[in-house]
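Student: Going line by line, the protein sequences match chains A and B.
Quick note on numbering: the first sequence equals residues 3 to 336 in the working numbering.
Quick note on numbering: the second sequence equals residues 23 to 208 in the working numbering.
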Amino acid sequence: MDWTQTPRRSSAMRREQNLALVSAVISGAVMAAGLLLLLLARVNPETASSIRTMATDVAAPAWGVVRAPIDGMARLVAGIGDYFGAVSRAQALETQLDLANARLRQSRVQARELVQLKRLMAVREPKRQVIVTTRIAAAASGSVVRTAMLAVGAAAGVSRDMPVIGADGLVGRTQDVGQVSSLVLLITDPLSRVPVIIERTGQAGLAAGRNQPTLVLIDRVGPDLPLRVGDRIVTSGDGGVYPPGVPVGVVIEVRNDGPVIRPAQPPLGAGFVTVETAWLQMPAAAATGPLFDAPVPVEARTRGAPKPRLRSAEPGADPATEPTAAAAPIVPVP
Amino acid sequence: MIASPPPPALLMTKAERRRWLLASWRYAVPAMTSIFLLMLMLAPLPLVVPVMPHLGLLAVLAWAMLQPGLMPPWVAFGVGALADLLFGQPLGVNATLFAVAASVMRLLDRRVGRHGHSFDWAVATVVMLGVMACTGPLMALAGRPVPMAPMLWQAPASLMAWPLVVRLAAAIQRRLVASMPGWRHG
Numbered sequence: 003m004d005w006t007q008t009p010r011r012s013s014a015m016r017r018e019q020n021l022a023l024v025s026a027v028i029s030g031a032v033m034a035a036g037l038l039l040l041l042l043a044r045v046n047p048e049t050a051s052s053i054r055t056m057a058t059d060v061a062a063p064a065w066g067v068v069r070a071p072i073d074g075m076a077r078l079v080a081g082i083g084d085y086f087g088a089v090s091r092a093q094a095l096e097t098q099l100d101l102a103n104a105r106l107r108q109s110r111v112q113a114r115e116l117v118q119l120k121r122l123m124a125v126r127e128p129k130r131q132v133i134v135t136t137r138i139a140a141a142a143s144g145s146v147v148r149t150a151m152l153a154v155g156a157a158a159g160v161s162r163d164m165p166v167i168g169a170d171g172l173v174g175r176t177q178d179v180g181q182v183s184s185l186v187l188l189i190t191d192p193l194s195r196v197p198v199i200i201e202r203t204g205q206a207g208l209a210a211g212r213n214q215p216t217l218v219l220i221d222r223v224g225p226d227l228p229l230r231v232g233d234r235i236v237t238s239g240d241g242g243v244y245p246p247g248v249p250v251g252v253v254i255e256v257r258n259d260g261p262v263i264r265p266a267q268p269p270l271g272a273g274f275v276t277v278e279t280a281w282l283q284m285p286a287a288a289a290t291g292p293l294f295d296a297p298v299p300v301e302a303r304t305r306g307a308p309k310p311r312l313r314s315a316e317p318g319a320d321p322a323t324e325p326t327a328a329a330a331p332i333v334p335v336p
Numbered sequence: 023m024i025a026s027p028p029p030p031a032l033l034m035t036k037a038e039r040r041r042w043l044l045a046s047w048r049y050a051v052p053a054m055t056s057i058f059l060l061m062l063m064l065a066p067l068p069l070v071v072p073v074m075p076h077l078g079l080l081a082v083l084a085w086a087m088l089q090p091g092l093m094p095p096w097v098a099f100g101v102g103a104l105a106d107l108l109f110g111q112p113l114g115v116n117a118t119l120f121a122v123a124a125s126v127m128r129l130l131d132r133r134v135g136r137h138g139h140s141f142d143w144a145v146a147t148v149v150m151l152g153v154m155a156c157t158g159p160l161m162a163l164a165g166r167p168v169p170m171a172p173m174l175w176q177a178p179a180s181l182m183a184w185p186l187v188v189r190l191a192a193a194i195q196r197r198l199v200a201s202m203p204g205w206r207h208g
């Protein structure tokens, strides 16, 4: 029998093999954790919100500092460029001003009529309120999502779902807000849907982003009036985030599967942007439990359910009908 | 592949131990380079199409190729998670993909070895295209399906940026080694 015992592995080799095994296990665990996180994000998209705001709180001010001298240089170059051709531009502007003045005189009359009519109809309109004006500090331009960062956050009064508007049109809305930073979902992001109307026909629809320079008009409601190239698209104010009348873009291609819109304001070319309050803010109301006639189980109270309201304890309860509350007709909940 | 252990701490003199502790920040250099390139991707450039190369992914691939011991999958996972947070993607998309990419690079390194710059470029391209192709399904898995056609802009840009990134990583590695002759970097 020339069977020999297997040679004992040297300790260095053993160590190497053990470490390789450990690293393989860790690699597998890490990938599994990544997939779990993905599923978690699917179930609850708000999971990572607080960590995200911590990360953007660091990144946005950093870019704000870095881009300051670049902005200064750009302004200097623009200033030099403005100096040339100032005369011809002034003449062009004067002619434009004359035209605009004529239109203004006409619209003043109409505005007064509109005010009178609104007073007659008792129309109440919320006011647009600018919270802060800032520059876009950073932007994810090389990714499957189109987001930007502002170097202002909750400290300046910004909160979730506020419209971000540039000089020429809509830019996006705030998504996650940290203390000194906020993440903006640009209108070109695939997740973005802006309720719009076509200015000429008044037809409502949604302007959807698709990670491309243009938007697409989807879900038009009402009779399908034919579009024209050059139709202006403005926000409708539906949904309560974007105020009505903000330019979104211009139709550049009429297609049956979805007209193509060029944004009025290229989201990342915007100089300064303003963050406004949401057009119609949801009133903050505490959750109230339903009306009960019977006592609720103890478990419901200990698990954090809102406190139940007994019908007998309600202010409008009629003491005479109280003993037969179960047989009484159901009182509508105020 | 795995960083060799430092000499036993108890056998070191006080000066040696201090020197070793002060030199250990070099282990974090690959991760920090990758994070710096991620921040660079956030530059507010007025680009209408996503032509910004995926510098973070490229950095992870380059370090996984040059220094597999300093860019293990779990470090790549951390870099990817940070990318998710900064770009506003669902947490886990880039984290998973970067970790998988780092381990694939490690496996390929073991199987096929290294054959010069062009070969490495081809390998990195294959891995990169694989990662980009998997981004769409993972975004859909996370409940945010996105159109993948715009990625046709980013893929060639990333392809072109590979030599720059790998050269940057190599230069940093040379500096690191030169700055500390006795440093055992794995």
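Here a beta-carbon is modelled for each residue, glycine too, at the ideal position from N, C-alpha and C.
These numbers were taken from a predicted model, which means no experiment stands behind them.
Residues of chain A with CB closer than 7 Å to the CB of B/R166, please, in chain order.
Tutor: The residue you call residue 166 of chain B lines up with position 144 of the second sequence. Residues of chain A passing the Cβ test: L193.
Student: From the beta carbon of A/T176, is the nearest beta carbon of chain B less than 8 Å away?
Tutor: What you label residue 176 of chain A is simply residue 174 of the first sequence in a count that begins at 1. No, A/T176 does not count as interfacial toward chain B.
Student: Can the beta-carbon of A/G36 be found less than 8 Å from the beta-carbon of B/A155?
Tutor: Position 34 of the first sequence holds residue 36 of chain A. Position 133 of the second sequence holds residue 155 of chain B. It is not a contact, given that the beta carbons lie outside the stated cut-off.
Student: Looking at the ligand PLP, does it come within less than 7 Å of B/L44, judged from the CB to the closest heavy atom?
Tutor: By its list of ligands, the structure shown contains no ligand whatsoever, and the ligand PLP lies outside what it can speak to.
Student: Alpha carbon to alpha carbon, what distance is there between A/E301 and B/L43?
Tutor: In the second sequence, counting from the first residue as 1, residue 43 of chain B sits at position 21. In the first sequence, counting from the first residue as 1, residue 301 of chain A sits at position 299. Those two C-alpha atoms are separated by around 55 Å.
Student: Taking the alpha carbon of A/Q177 as the point to measure from, which residue in A/L23, A/L42, A/S52 has its own alpha carbon closest?
Tutor: To locate residue 177 of chain A, count along the first sequence from 1; it is residue 175. Looking at the Cα atoms, A/S52 is the closest of the given residues.
Student: Whole angstroms are fine: how far does the CA of B/L80 sit from the CA of B/V126?
Tutor: Start at 1 with the first residue of the second sequence, and residue 126 of chain B comes out as number 104. Start at 1 with the first residue of the second sequence, and residue 80 of chain B comes out as number 58. Going by the C-alpha atoms only, they are around 14 Å apart.
Student: Please list, in chain order, the residues of the stretch 94-124 of chain B that have any C-beta partner in chain A closer than 7 Å.
Tutor: Residues P94, P95, W96, F99, L104, L107, L108, F109, G110, Q111, P112, L113, G114, V115, A117, T118, A121, V122.
Student: Specify the secondary structure class of B/T157 as computed by DSSP and reduced to three states.
Tutor: Numbered from 1 along the second sequence, position 135 holds the residue referred to as residue 157 of chain B. Helix.
Student: In the stretch 150-183 of chain A, which residue ranges form an unbroken alpha helix (DSSP H) of at least 4 residues, counting only runs that do not cross its ends?
Tutor: You should have found no qualifying run.
Student: Could you give the first and the last residue of the continuous alpha helix (DSSP H) run that contains B/P185?
Tutor: The residue you call residue 185 of chain B lines up with position 163 of the second sequence. Note, B/P185: alpha helix (DSSP H), 173-201.
Student: Give me the residue from B/V134, B/P112, B/L174 with the minimum Cα distance to A/A1.
Tutor: What the structure shows of chain A is the stretch from 3 to 336, and residue 1 of chain A is not part of that stretch, so it cannot be assessed.
Student: Taking the straight line between their C-alpha atoms, what separation do you get for A/T135 and A/R126?
Tutor: For this step, residue 135 of chain A is matched to residue 133 along the first sequence. For this step, residue 126 of chain A is matched to residue 124 along the first sequence. Roughly 27 Å between the two C-alpha positions.
Student: CA-CA distance, A/L312 and A/P63?
Tutor: Residue numbering aside, residue 312 of chain A sits at position 310 when the first sequence is read from its first letter. Residue numbering aside, residue 63 of chain A sits at position 61 when the first sequence is read from its first letter. Distance between the alpha carbons of A/L312 and A/P63: 52 Å.
Student: Quick one: residues in its chain with C-beta nearer than 6 Å to the C-beta of A/L270, no 5 flanking neighbours on either side, listed in chain order?
Tutor: Stepping through the first sequence from its first residue, residue 270 of chain A is reached at position 268. If we look at A/L270 and ignore the five residues flanking it on each side, its Cβ neighbours are A141.
Student: With a Cβ-Cβ cutoff of 8 Å, do B/V71 and B/A124 count as a contact?
Tutor: The residue labelled residue 71 of chain B in the question sits at position 49 within the second sequence. The residue labelled residue 124 of chain B in the question sits at position 102 within the second sequence. No; because the gap between Cβ atoms is not below 8 Å, this pair is not in contact.
Student: Can you find at least 3 beta carbon pairs, one from the stretch 82-93 of chain A and one from the stretch 200-208 of chain A, that sit closer than 8 Å?
Tutor: The stretch 82-93 of chain A vs the stretch 200-208 of chain A: no contact.
Student: Terminal residues of the continuous alpha helix (DSSP H) containing A/A139?
Tutor: Residue mapping note: residue 139 of chain A aligns to position 137 of the first sequence, counting from 1. Taken as a continuous stretch (DSSP letters only), A/A139 belongs to no alpha helix (DSSP H), being part of the beta strand (DSSP E) at 132-141.
Student: If we call anything under 8 Å between Cβ atoms a contact, is A/D170 one with A/P197?
Tutor: As a position in the first sequence, residue 170 of chain A is number 168, starting the count at 1. As a position in the first sequence, residue 197 of chain A is number 195, starting the count at 1. The answer is no: Cβ separation not under 8 Å.
Student: For my contact list, A/R222 and A/A210 are in at a C-beta cut-off of 8 Å; report their separation, rounded to the angstrom.
Tutor: Taking the first sequence and counting its residues from 1, one reaches residue 222 of chain A at position 220. Taking the first sequence and counting its residues from 1, one reaches residue 210 of chain A at position 208. Not confirmed; about 12 Å, so no contact.
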